[in-house]
Structure formats: C-alpha cells, structure tokens
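Chains as they are written, first to last, in the numbering used here: chain H, 2 to 115; chain V, 7 to 119.
Backbone N, C-alpha and C fix where the C-beta goes; we use that ideal spot for every residue, glycine too.
Heads up: the structure comes next, in structure tokens.
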C-alpha cells in the first residue's frame, strides 16, 4: 500500500541551526502539507503546497520556514534558524488528485532543539 | 476559521464496553469530517471520513461515526472496546478539497482489562 515516508524519524539540532525535514509523498498525489504537533498539544497546520507553490499557510509558518519540492518526488520543510519552541513532531501529508478528500500522513519527524 | 472541539481529553472504558468519543465543529459550509487515530510513536491513520451521502459512516477496526448537521457533531463510536483500541484519537474538519485540515485537541483512549 502506498505511504508517505518521512526522514529522519528523529533529529536533534542546536538552537540557531538550520534543519531540513524530508518527505516523500504518495507518488500520484497533488496536494502536500506540513503539520506539527508540540508534545501534548493538538496537531497544527503549517502549510499546504499545490502546483509548485504554497496554497495556504498558517501564522506559524513565518519567514524562518520554507518548503520546496525540488525534484518531483521529495517535499521538504526547512527551518532556517531553529528555536527551542520549534521542538515538535512534524508530519508531512499528501492528498490525491482533483476531488480527493482525505490526507495521508507520514510517521512524523521528531525534532528536538537543544 | 474552523474550530473543532473534542470533549474529554482522556476517556477510559472497560474492555468490551461501548466507546464514545465526542467531536463538535464550527463550520459555515458543509464540511468534510474525519477521525484519525495515532498509536504511540506512530503517525496519523485515517479511521473514517464523511464527505457526502449517508450520515452514518463506517471505518476500520469496527468504528463508526454519525454526522449530525443540526448538532454540528461527528461523534465516534465502537460497540465493544478492545485493548488494541488504546490510542489518541483526533477529529478533523476540512472545508473543501485541498484545504487544510483543522484538528481537535485529541482524546486519549484507555482500555481497562
């Protein structure tokens, strides 16, 4: 069964460093998302991506965040200068073609900023 | 913006008992409604969804949910809890295809043997 794959599963980084979280969405999907879940809190929307551009973003997704789909298969989230409060589980999700309804989520990357 | 309310951050049931997890949403348009389950150290797995049509929807693992427009609710039920049902459950809503999903705060289900 097709699935969304995220790497790494866990990343530890020092405050101020740049991190790139990687995702391989399901191959024929057109919509891509990043969500995050701070420990003990709800899943929060960061950004959606469609047709090679950001289609929607939340207030959380400020200038330190960026997304890219560099090669038609990977979908990356870059955090330019990490802060302690960026520590969270980051989920990538993808959705199918026109008329799709549900999103399929990856296993997540746990980011720990120290 | 949408909001999703899950009443009860923690629910405990005995094995074999009815599971009822509550979800209410605010929406000015007919929404798409979802329940996702998260097992420890895993991602989010779709349990079931409502888009159009029959308001009672059945999902995996014996779960079902009923969309009640008049009550803006989408409660999740299972007639008989199993130990393997212990997990975090998230209700989510989307306004349209491709739009973001708004999640509730989650309900942690404990099943007591």
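Classified as exposed, residue 60 of chain V has fewer than 16 neighbouring CB atoms from the shown chains inside 10 Å of its CB. By the Cβ-count criterion, residue 68 of chain H is buried, with 16 or more other Cβ atoms from all chains shown falling within 10 Å of its own Cβ. Look at residue 30 of chain V here: in three-state DSSP terms it is strand.
Note that the stretch 90-98 of chain H does not touch the stretch 18-31 of chain V; fewer than 3 beta-carbon pairs, one per stretch, sit closer than 8 Å. Secondary-structure assignment with DSSP links residue 111 of chain H through a beta bridge to H:11, H:90. Counting the other CB atoms within 10 Å of its CB gives residue 26 of chain H a total of 16 or more, which places it among the buried residues.
In terms of Cβ geometry, residue 5 of chain H and residue 109 of chain H do not form a close pair [threshold 7 Å]. Using a CB distance cut-off of 7 Å, residue 109 of chain H counts as an interface residue toward chain V. DSSP, reduced to helix, strand and coil, places residue 66 of chain V within a helical segment of the structure shown. Per the coordinates, the alpha-carbon of residue 42 of chain H lies some 14 Å from the alpha-carbon of residue 50 of chain V.
In this structure, the CA atom of residue 30 of chain V is about 6 Å from the CA atom of residue 78 of chain V. Taking each of H:9, H:89, H:44 in turn and checking the Cα distance to residue 97 of chain V, the smallest one comes out for H:44. The stretch 67-81 of chain V and the stretch 103-117 of chain V do not touch, with fewer than three beta-carbon pairs separated by less than 8 Å.
Excluding sequence positions up to five before and after residue 40 of chain V, its CB lies within less than 6 Å of the CB of 55, 98, all in the same chain and listed in chain order. Following the DSSP letters along the chain, one finds residue 45 of chain V in no beta strand (DSSP E), marked with neither H nor E. Within the same chain, and ignoring the five residues on either side of residue 3 of chain H in sequence, the residues whose Cβ sits closer than 6 Å to its Cβ are 27.
Beta-bridge analysis with DSSP links residue 23 of chain H to H:8, H:77. For residue 46 of chain H and residue 64 of chain H, the gap between their C-alpha atoms comes out near 16 Å.
With contacts defined by Cβ atoms closer than 7 Å, residue 82 of chain H and residue 17 of chain H form a contacting pair.
Going by DSSP, residue 68 of chain H is part of the beta strand (DSSP E) stretching over 66-69. Contact of residue 49 of chain V with chain H by beta-carbon distance below 7 Å involves 92, 106, 107, 108, 109.
The residues 51, 53, 93, 95, in chain order, have a CB closer than 6 Å to that of residue 43 of chain V in the same chain once the five nearest residues on each side in sequence are set aside.
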